[in-house]
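In the working numbering, the protein residues as written are 19 to 175.
First comes the structure, then the notes that go with it.
Listed below in structure tokens is the structure:
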């Protein structure tokens, strides 16, 4: 879903969204902010590229990070929940993954991401995506788009 469509849905529902980004390093926030008037529904977010920030700023529990790994559905959900709590938004989306071109392994190849979403009424979901792409920038863009698609799906009901 395009950011303009997300903006329309958030505005119509009088909701706000924040972001927690690892591998996208601010791309989601940037893209959301390209819509004029985005400050009404997007206050900001957190870039937590390394594990220490995921725990200290977003509140990802040490045991989750250590036992499940930085690229896991549990960490994606904890990142989104942390951003939502930190910013007092209705929704938060998160991304953690392997952008490449190095760092992949057999169970987490380059282009593997977990997208997290936290929202009202205890909504906490994560989806795994595998882009099949080795280009770092293209992977970041695909991960950001997957997060927008997940948010859009929930905003549409």
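Just so it is clear, CB atoms sit at the ideal spot from N, CA and C, and this is done for glycine as well.
Out of 86, 94, 127, 68, the CA that lies nearest to the CA of residue 117 is found in 127. Nearest neighbour of residue 20 by Cα position, chosen from 53, 34, 41, turns out to be 53.
In this structure, DSSP gives residue 93 a helical state, which the three-state scheme calls helix. Bounds of the beta strand (DSSP E) holding residue 144 are 142-148.
Counting other Cβ atoms within 10 Å of its Cβ, residue 158 reaches 16 or more and is therefore classed as buried.
By DSSP's assignment, residue 126 forms a beta bridge with 123.
Taking residue 144 as reference, the option from 123, 90, 122, 125 with the minimal CA-CA separation is 90.
Of all alpha-carbon atoms in 153, 160, 148, 141, the one lying nearest the alpha-carbon of residue 172 is that of 141.
Ranked by Cα distance from residue 130, the options 138, 139, 136, 119 are led by 119. Taking 8 angstroms as the cut-off, the beta carbon of residue 34 is found no closer than this to the beta carbon of residue 155.
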